[in-house]
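Enquirer: Protein chains in written order, with UniProt numbering: chain F, 1 to 213; chain U, 1 to 375. We put the beta carbon where it would ideally sit given N, CA and C, even for glycine.
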Amino acid sequence: MEVLMDYIEFWQERYPSILEYTWQHLFVSLVSVILGAVLAIPLGIYLTRIKSKAIKNITFNVTNIFQTIPTIALLALMIPLLGIGMKPAIVALFLYSLLPLLRNTFAGIQSVDPEVIESAKGIGYSPIQRLMQIEIPLAFPYIMSGLRITTVYIISWATIAAVIGAGGLGGMVIAGLGFNDKFLIFTGTIMAVIMALIADFLMGILEKKVAYK
Amino acid sequence: MIRLEGVEKVYEDGFQALKDINLEFKEGEINVLIGPSGCGKTTTMKMLNKLIDFTNGNIFINDKDISTIDAIDLRRTIGYVIQHIGLFPHMTIYNNVAAVPKLLKWDKERIDKRVNELLNMVGLDPETYANRFPSELSGGQQQRIGVIRALAAEPSIILMDEPFSALDPISREQLQDELLRLQKEINKTIVFVTHDMDEALKIADQIILMKDGVVEQKGSPEEILRSPASDFVKDFIGQDRLQQGNAIPVVDEVMSKEFVSIEEKQSVTDAIDLMKDKQIDSLMVLSNSHQVTGKLSLYDVINQTEQMVAEVMKPFEQNIESGASLSAALHLIKKHDLNELPVVDQDQQFIGIITRKSLIHVMSKSYSLVGNEGK
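1. Mapping DSSP to helix, strand and coil, what is residue 297/U?
2. Going along the chain, which residues of its own chain have a beta-carbon closer than 7 angstroms to the beta-carbon of residue 29/U, five neighbours each way excluded?
3. Can you list, in chain order, the residues of its chain whose CB lies under 6 angstroms from that of residue 98/U, leaving out five sequence neighbours each side?
4. Relative to the C-alpha of residue 350/U, which residue among 335/U, 319/U, 214/U is closest?
5. For residue 174/U, which residues does DSSP report across the bridge?
6. Quick one: which chain F residues come within Cβ less than 7 angstroms of residue 99/U?
7. In the DSSP assignment, the alpha helix (DSSP H) including residue 140/U goes from what residue to what residue?
8. Distance cutoff 9 angstroms, beta carbons only. Does residue 118/F sit that close to anything in chain U?
9. Using the beta-carbon count (16 or more within 10 Å), is residue 348/U buried or exposed?
10. If you drop the 5 nearest sequence neighbours on each side, which residues of the same chain put their C-beta closer than 7 angstroms to that of residue 183/F?
11. Relative to the C-alpha of residue 169/U, which candidate in 198/U, 34/U, 192/U has its C-alpha closest?
12. Span of the alpha helix (DSSP H) holding residue 217/F?
13. If I measure Cβ to Cβ from residue 25/F and keep anything under 6 angstroms in the same chain, skipping five residues before and after, which residues do I get?
14. Closer than 7 angstroms, Cβ to any Cβ of chain F: which residues of the stretch 86-97 of chain U, in chain order?
15. Should residue 161/U go down as buried or exposed, given a rule of 16 or more other Cβ atoms within 10 Å for buried?
16. Would you mind sorting residue 14/U into buried or exposed? The rule is 16 or more other CB atoms within 10 Å of its CB.
17. From what residue to what residue does the alpha helix (DSSP H) around residue 24/F run?
18. Am I right that residue 70/F and residue 164/F are in contact with their C-beta atoms under 8 angstroms? What's the rounded C-beta distance?
19. Can you check the stretch 198-222 of chain U for any beta strand (DSSP E) of at least 3 residues that lies completely inside it and give the ranges in chain order?
20. Can you give me the Cβ contacts of residue 32/F inside the same chain, cut-off strictly under 7 angstroms, excluding the 5 residues immediately before and after it?
21. What in chain U is Cβ-close to residue 52/F, meaning under 9 angstroms?
22. Below 8 angstroms, how does it come out for the stretch 118-133 of chain U and the stretch 139-147 of chain F: are there three or more Cβ pairs, yes or no?
23. Start and end of the beta strand (DSSP E) containing residue 20/U?
24. Of the residues 60/F, 181/F, 208/F, which one's Cα is nearest the Cα of residue 100/F?
25. Using a cut-off of 7 angstroms between C-beta atoms, extract the partners of residue 80/U located in chain F.
26. Using the C-alpha atoms, what's the distance from residue 174/U back to residue 180/U?
27. Does any C-beta atom of chain U lie closer than 9 angstroms to the C-beta of residue 134/F?
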């Protein structure tokens, strides 16, 4: 009971900084995912348009490599290039977001029934109309679920980005470790979890809304 | 009208898919391209809306060379129905049917009217179906939508690529019937690809039979059935259908020319001996001029041994002329409850006789064929 009272007091004292950490976290995560989507989704679509297997393989392998570098190592690698702070964290997280977004977009467009494409072509859709009105809408559930998974991962990984000074909820956890403050560690963790859950929930609703029957 | 002149297709690897194709698809006719897989039938069809390009030759649609028409514009003026229906799963039935009119930027009112009209045409109530998605419809209903989507922008030409082959046999039959009924109303130039000879025979005005990239034979279903141009055509049509093509035989094919006969002037005793000898219960009676004039059965001769054949025989009262159809003969047989029906030529000369035995013979032949169809 006493712990709970203490914890409430902790919140009362710290809530402006908790909110600020949360906001930083959200900002870093969203910017990374949005940048990732802006690059990976068009790239994924482009890869379905080209015949060259080599380009596809290179693109997938490069993004795959980013994915396999341990998070902490990638963040550390950013320091000599971009220094510390939010910028290198966003770049690192952006690189992480590429593969799942690229994969899902590519798979989504590939999953469109060739017969549907054939009939769209045969009744006179131009290539761009086909893409915008047929292929992207049909691939949307895939793209959306890629976006959803990526967002949840990035929110989780953004916690680690605090080691290179990106701030966010990871900053609270690290500070908590330094001061041996259980409340700080717990709050940083629980806020990251809640943020991921809310993001997952909201995007799940969106996914259902845009999916056709 | 569509005209193909010396059209050839050679793929990059040197494979010649089509060799010197010369065809004409007349306005308002159903033209069926048929042949084994790889014969070039689908390739031929897809060249008409430029889904596949050709290497040599010319294709004219209403005397206009299609190489001068933009592919996308061309496709919007030609209806296209594919095998696996190819409805857009994320669009409602309304939007599927309205697809081409929308591409052509018709105004909303006109599209509404057209979609309703088309749905009614295939017996799907617009109120019920317009806002459903393709997955909520049965296969047969989906393909009806596929067909009316092709009709939506009132093209004069419709290409159909094995449109009914993925359906169950009952839906397939229904859709074939519906297509024939629709065609009477809409009168389009239809190019229809199939590998199903029954379908071709049922719906075609013109059948084009292809093999290895050449046209093996073209003509009306009757022409192809009557006079197949080669052994390949015969094989492809199949013996069963060739016989069904002559399905209702003329009486000449059914009548029997072999029968045991006796002359009018002989005695009944002779007749009885003859029946005993041949183990039969009736004889045909010949006149002096060797015309069959009647029949003598065992019942007629009982206790009549003193008389002449001419006195006890039953003269034939009905006959049928050579060249008449078997159904006419059957009608007579049923009407007069006959056991035999003589067949005569134009000069009323006797040439043969239809008996129950010869009828059964014909029936057993065609029914055993039907029974074997499944093999």
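Expert: According to the structure shown:
1. strand
2. Cβ neighbours of residue 29/U beyond the five flanking positions: 189, 205, 206.
3. Spatial neighbours of residue 98/U in its own chain (CB-CB distance under 6 angstroms, excluding positions within 5 residues in sequence) are listed in chain order as 111, 115.
4. Out of 335/U, 319/U, 214/U, 319/U has the C-alpha closest to the C-alpha of residue 350/U.
5. DSSP lists no partner for residue 174/U.
6. Identification of chain F residues near residue 99/U by a Cβ-Cβ cut-off of 7 angstroms yields 123, ordered along the chain.
7. Note, residue 140/U: alpha helix (DSSP H), 139-151.
8. yes
9. With fewer than 16 other beta carbons inside 10 angstroms of its own, residue 348/U counts as exposed.
10. 7, 10
11. 198/U
12. Chain F is shown only over 1 to 213; residue 217/F falls outside these bounds and no answer can be derived.
13. 158, 168, 169.
14. Residues 86, 88, 89, 90.
15. buried
16. exposed
17. It spans 2-49 - the alpha helix (DSSP H) in which residue 24/F sits, taken as one unbroken run.
18. That belief does not hold up - the Cβ atoms of residue 70/F and residue 164/F are roughly 14 angstroms apart, past 8 angstroms.
19. You should have 206-211, 214-219.
20. 90, 93, 94, 97, 154
21. The premise fails here: residue 52/F is roughly 17 angstroms from chain U at the closest Cβ pair, so nothing lies under 9 angstroms.
22. no
23. 16-25
24. The shortest C-alpha to C-alpha distance from residue 100/F to any of 60/F, 181/F, 208/F is the one to 60/F.
25. 119, 122, 123
26. 10 angstroms
27. Yes, contact with chain U.
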